[in-house]
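One point on numbering: in UniProt numbering, the residue at position 554 of the sequence shown is 554, and numbering is uninterrupted.
Quick reminder that beta carbons are idealized off the backbone N, C-alpha and C, glycines included.
Before any comments, here is the structure.
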Amino acid sequence: MARWDAILTLPVQNPPTLEFSSTDIVWSRVEGWKEMMDRVALIPFTRVNDFVRGESNRKECPTKFHVEARRRRPPDMPYKPKVDGILEYILYWCSFGPDDHRKGGVVRPSRNYSAKRKTPAGRPNTKRGCTCHFIVKRLIAEPTVALIIYNHEKHIDKQGSPCHGPLDTKAVGTRAMFAPYISEELRLQVMSLLYVGVPVETIMQRHTETVDKQGGPRNRDDLLTHRYVRRLERKIRRSTYELDVDDAVSLDMWIETHQAHVFFYEDYSDSEPFVLGIQTEWQLQQMIRFGNRNLVASDSSFGTNKLKYPIHSLLVFDSNNSAIPIAWIITPRFACRESHRWLRSLYDRVHSKDPNWKLGGFIIDDPLADVHTIREVFQCSVLFCHWRMRRAWQKNIMERCLDEEMRAEIFRQLGNVVSSICRGGGDVDLFEGFLEDFVDSLGFLDYFKGTWFPRLVPWAAALKTLPVATTETCAAIECYHHQLKLRLLNEKDPSVYQRADWLVDKLGTKVHSYYWLDEFTGKASFARYWKDEWKSDLTPWQQALQIPDSNVTTDGPCVRVKCQIDQHIAYTVWNAGSEFALCDCSWSRIGNLCKHVIKAGTLLRGRGLAAPSTSLVKYNQILSSILNCPPHDSLIRDHAVALATHVKMQLNALYDPEGRGAVPSVSTHEDHPGQRPPASVEMDVADRQPPPASPLEQPFKDGSDSLRDGNPCLDTNSSTDSVMGKNSQENLNAACGAPANPSGSTDGVREGELDSVHLQPAGSKSASNGAAHVSEPQISKILDDGNKFSDVRGLASDPMDDDSTEKDFEACCATANQPENSKNSSENIVIKRQSSDLMMNGVLTKNGVLKADIKRPDQGRPSKRALVGQATHDCITDDAVANGHLISNSTPDIENMAVDPPEELSTSTMLPAATGQRTELDTTEEAGKDAGVVMDVEISPSAEPATK
């Protein structure tokens with residue numbers, strides 16, 4: 001049993017790539033059969049196919065591995081839990097063996113192909129006696145793990161010579177140079193083209209032209225034959241969705257034959273309804289590619305009026321910000337909101353491929369969605385998109401109100417109500433006032449009262465508590481919804497809509513092919529065969545970006561946008577600048593968000609002629625609540641104590657690298673009771689240390705409400721100067737009553753002179769009672785005159801994120817030291833960070849305040865204390881320590897300082913805390929509280945403790 005002890009103690013290896021080969025795995029040697037040493041490794045059983053594909057696609061010897069033998073224990077068969085018991089045994093062999101069809105080769109008696117046929121069908125160069133093979137075992141002791149035994153990894157024959165691939169000199173000029181079959185990518189391309197109606201001759205013609213341009217075949221895909229494409233076309237033509245007259249039986253048969261495309265399935269039971277989750281291999285790859293650290297959106301109810309089972313689609317956004325379906329969930333209408341049943345299976349499926357995959361945010365369009373389950377499974381923030389509500393209101397207003405001015409006024413009032421609810425200034429009661437104002441519009445009011453009034457409570461709750469998705473996200477989801485309707489609901493016989501087997505078959509074949517071709521780079525070669533279903537137009541947001549600003553003019557309360565094709569045609573936009581704007585174009589009349597509305601809104605907001613979008617307002621609210629949210633427990637305080645100890649050790653090592661003993665003392669105030677060092681600089685650190693934000697949680701600076709390359713992030717200032725610019729620093733000096741110091745050195749501390757570092761809890765007054773304080777409103781006004789603060793990279797969705805204490809941040813600030821008798825003067829300098837070997841990421845106390853005191857012993861006067869401002873992260877570099885300057889990354893309070901994020905933000909910049917809603921604190925009251933512990937820092941050059 002020593003063999004199995006050695007095997008079961010091996011680590012399970014899971015490379016973070018879609019495919020991996022034997023070169024990506026560390027192999028071990030264990031005792032095998034007949035005293036031989038087996039080359040073994042353990043991988044997750046769900047990744048066996050990824051290993052087979054990766055091993056087949058190795059460049060040094062491309063091939064394919066087929067299943068030569070398989071033994072599987074039936075699930076209902078009883079068995080004893082033995083350590084060496086096997087649930088499944090699979091033997092994979094290179095497709096160029098084990099038989100040898102070459103002259104003089106050996107063919108197994110059970111595989112005798114010597115009988116010649118009149119029409120030989122087979123490839124004479126396929127079987128060349130290759131001995132490369134490996135064994136996969138699924139153990140009873142570890143059912144989730146696959147044991148791979150790979151003793152014959154070289155592609156050689158029994159004589160030890162290379163038998164195929166580039167190393168085989170006899171294979172030059174034959175197909176044995178390449179893999180025996182075409183790649184899965186080319187097969188999926190050919191199948192997709194055939195599904196959308198492209199003829200076989202056209203496919204082969206375009207393929208031949210491509211091979212001729214590159215100068216001949218270079219791989220197996222270049223050897224595609226007309227016969228193979230014709231065989232695929234015949235297979236598609238003969239296939240049918242109706243596998244049985246009974247719809248339920250036919251659906252079960254489809255599921256059995258498409259196990260690779262089903263990630264979750266539960267049939268009807270006494271307590272649970274039917275649920276089927278479909279995700280192809282290509283969709284899984286798109287989810288890993290575009291969903292990692294990014295957004296996933298939900299279109300929760302498609303086909304509720306026509307289909308037997310509505311479709312719940314999950315979407316990601318590609319580099320062009322177009323929606324790609326990554327999964328379809330089919331379930332009855334009454335079970336559409338039971339997402340907890342399949343969310344965990346989807347998450348596990350993705351993590352089995354990429355253990356490092358992490359979702360940035362999840363967008364829902366149903367207020368009754370299970371937000372708690374989404375946060376629990378994906379560990380991300382949840383956002384709300386109200387495009388479905390806006391689309392329904394706009395469509396019915398266009399149908400039921402004939403007067404254009406009345407349409408615009410009704411839609412404007414609805415937009416004001418929604419905006420007030422999102423900003424926290426109202427509730428469902430606002431809709432009652434709306435009904436009283438438009439009693440004359442009976443057609444729309446009857447629809448509103450009967451359809452929407454009973455459902456407004458959950459919608460209002462979602463709008464108030466969750467961040468709101470941006471206009472670009474709404475446009476992308478709406479465009480996907482329209483495309484899916486064209487590609488799915490286009491059957492001549494409407495009766496098929498009531499069959500579930502037709503639905504799953506068409507989603508997995510024709511609809512899937514349309515979306516695969518949307519990402520296909522060579523689709524322009526087949527433009528003549530494009531139909532309405534195949535056309536993948538730009539989203540309204542992308543179309544709006546192509547409209548020049550000169551085509552937009554104001555005409556009283558309206559905005560007119562000229563047509564790009566015919567300049568004599570102009571479309572009128574009412575309520576321009578609002579998210580509830582109307583246009584008289586054909587696309588807007590059917591309830592959709594058109595490009596003219598988006599263009600007019602973005603242009604007016606960019607010029608400051610329209611109010612900020614709802615998404616930006618919600619972002620500012622979340623930003624304010626995060627900056628003013630105190631820590632829940634002592635985690636940050638404990639981190640501050642540990643960090644202070646770390647700084648102490650770093651400073652000791654810095655001033656005494658050789659251990660000579662002449663080291664400036666670094667001690668806490670508790671070590672020297674009764675001593676109070678003077679203070680010159682007091683820095684208020686933010687009430688909490690937020691975790692570093694991912695690129696998804698940062699806003700833009702270009703003023704656009706867009707998702708840039710699928711990875712929206714803040715273009716932060718790359719300079720390491722203080723967040724207060726040069727002009728702002730001079731204004732701050734003037735406000736403090738300090739004269740300008742062109743020499744760049746402080747009066748209290750000279751360059752190259754450092755004192756001891758003394759950490760002291762605040763309990764008594766500082767020796768500097770005449771400190772000059774700059775109030776937060778003064779800082780806000782001063783910063784408005786200079787460079788506005790825009791560095792919000794420290795924001796994140798959860799203040800208690802574990803990663804928050806491990807990130808280093810760029811930081812810079814101003815220090816101020818004053819003469820003894822100057823009470824209202826302060827001198828500040830801007831320090832550039834040049835080294836980060838010694839860093840303090842925010843020494844926080846209970847109430848999140850850090851005080852630093854700097855003193856020079858040869859001066860008998862204490863330095864003045866000046867309030868630098870609230871800071872989220874503070875650090876000390878060794879260059880700054882050597883020059884006697886303290887460096888800090890100041891983050892002013894968002895309530896009292898003009899934070900200047902862009903006008904329009906990406907959806908992902910408004911990610912809320914995953915732990916729930918937090919209460920926004922009043923900054924004025926919080927500033928007056930001093931219940932926590934304040935640390936003071938004193939610096940002196942001697943090893944002796946600092947004295948007062």
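(Q) Tell me the DSSP secondary structure of I326 in three-state form. (A) Strand at I326.
Q. From residue 953 to E256, what does the alpha carbon distance come to, in whole angstroms?
A. This structure does not reach residue 953, given that the chain is present from 1 up to 948, and the question cannot be answered.
(Q) Let me confirm a value: S300 is counted as buried when at least 16 other C-beta atoms fall within 10 Å, else exposed. Which label applies? (A) Burial of S300 is indicated by the presence of at least 16 other C-beta atoms within 10 angstroms of its C-beta.
Q) So the beta strand (DSSP E) C61 belongs to, where does it begin and stop? A) No beta strand (DSSP E) holds C61; DSSP gives it neither H nor E.
Q. Closest to residue 961 by CA distance: which of L488, T304, L609 and H482 is it?
A. Since the first and last residues shown for the chain are 1 and 948, residue 961 lies out of range.
Q) Quick one: what's got a C-beta closer than 6 Å to A570's C-beta in the same chain, skipping five residues either side? A) Cβ within range, chain order: R560 and K562.
Q. By how many angstroms is the C-alpha of A260 removed from the C-alpha of W4?
A. Spanning the two alpha carbons is a distance of roughly 31 Å.
Q. Which residues mark the beginning and the end of the alpha helix (DSSP H) in which K562 is found?
A. From DSSP, K562 is part of no alpha helix (DSSP H) but of the beta strand (DSSP E) over C558 to K562.
Q.
Across the segment 149 to 157 and the segment 465 to 477, are there enough close Cβ pairs to call them in contact, namely three or more that are closer than 8 Å?
A. The segment 149 to 157 makes no contact with the segment 465 to 477: fewer than 3 CB pairs, one atom from each, lie closer than 8 Å.
Q: Return the first residue and the last residue of the beta strand (DSSP E) that T554 is part of.
A: DSSP places T554 inside the beta strand (DSSP E), whose first and last residues are V552 to D555.
Q: Along the alpha helix (DSSP H) that carries P458, what are the first and last residues, could you check?
A: Where P458 is concerned, the enclosing alpha helix (DSSP H) stretches over L456 to T465.
Q) Do you know how far the Cα of V145 is from the Cα of P11? A) Computed Cα separation, rounded: 10 Å.
Q) Alpha carbon to alpha carbon, how far is R390 from N294? A) One C-alpha to the other measures close to 25 Å.
Q. For L466, which of N151, T614 and P310 has the nearest alpha-carbon?
A. The option with the nearest alpha carbon to L466 is T614.
Q. How would you write the range of the beta strand (DSSP E) that I135 sits in, first residue to last?
A. Segment H133 to L139, the beta strand (DSSP E) holding I135.
(Q) Which residue marks the beginning of the beta strand (DSSP E) containing E88, and which one marks its end? (A) Taken as a continuous stretch (DSSP letters only), the beta strand (DSSP E) holding E88 covers I86 to C94.
Q) Counting along the chain, where does the alpha helix (DSSP H) carrying residue 982 start and finish? A) The shown model of the chain, from 1 to 948, leaves out residue 982, and the question about it has no answer.
Q: Count the other C-beta atoms from every protein chain shown that fall within 10 angstroms of the C-beta of S313, then say buried if there are 16 or more, exposed otherwise.
A: The residue is buried, with at least 16 neighbouring Cβ atoms inside 10 Å.
(Q) Alpha carbons only, please: which of S322, I25 and S298 is nearest the one belonging to R388? (A) Of S322, I25 and S298, the residue nearest in Cα terms is S298.
Q. Going by Cα to Cα distance, which pick from P199, R607 and V136 is closest to R72?
A. With distances taken between Cα atoms, R72 lies closest to V136.
Q) Alpha carbon to alpha carbon, how far is E533 from E491? A) For E533 and E491, the distance between alpha carbons rounds to 12 Å.
Q. Which residue from L604, G426 and K523 puts its Cα closest to that of V198?
A. Comparing alpha-carbon positions, the option among L604, G426 and K523 lying closest to V198 turns out to be K523.
Q: Say whether the segment 127 to 135 touches the segment 87 to 104, bearing in mind that this needs 3 or more beta-carbon pairs closer than 8 Å, one atom from each stretch.
A: Contact annotation: the segment 127 to 135 touches the segment 87 to 104, with at least three C-beta pairs closer than 8 Å.
Q. Just the Cα atoms here: how many angstroms apart are R234 and T126?
A. Just so you know, the alpha carbons of R234 and T126 end up roughly 24 Å apart.
Q.
At the level of alpha carbons, what is the spacing between L276 and Q286?
A. Distance between the alpha carbons of L276 and Q286: 20 Å.
Q: Taking T539 and N356 to be in contact with their CB atoms under 8 Å, please state how far apart those CB atoms are, rounded to whole angstroms.
A: In this structure, T539 and N356 do not form a Cβ contact; the two beta carbons are roughly 30 Å apart against a cut-off of 8 Å.
Q. Would L442 be called buried (16 or more neighbouring beta carbons within 10 Å of its own) or exposed?
A. With fewer than 16 Cβ atoms within 10 Å of its Cβ, L442 is classed as exposed.
Q. Rounded C-beta distance between T473 and I363? I'm assuming under 8 Å.
A. The distance from the Cβ of T473 to that of I363 is about 6 Å, consistent with a contact at the 8 Å cut-off.
Q | L194 to V200 span [Cα, whole Å] | A | Whole-angstrom Cα-Cα distance: 7 Å.
Q | Q564 at chain D interface by Cβ criterion, 8 Å | A | In the displayed structure, chain D is absent; only one protein chain is listed.
Q: Pull up the CB-CB distance for V52 and F65, whole angstroms please, since I reckon it's below 8 Å.
A: That pair is a contact at about 5 Å.
**Q.** R293 (DSSP reduced to helix, strand or coil)
**A.** Here R293 sits in coil by DSSP.
Q. So, do the segment 537 to 555 and the segment 597 to 615 have three or more beta carbon pairs nearer to each other than 8 Å?
A. With the cut-off at 8 Å, the segment 537 to 555 and the segment 597 to 615 touch.
Q) Do three or more CB pairs link the segment 573 to 580 to the segment 406 to 426 at distances below 8 Å? A) Yes: at least three Cβ pairs fall under 8 Å.
**Q.** Rounded separation between R128 and R218 - CA only
**A.** Computed Cα separation, rounded: 21 Å.
(Q) Could you compute how far the alpha carbon of R589 sits from the alpha carbon of L18? (A) Across the structure, R589 and L18 are spaced so that their CA atoms are roughly 45 Å apart.
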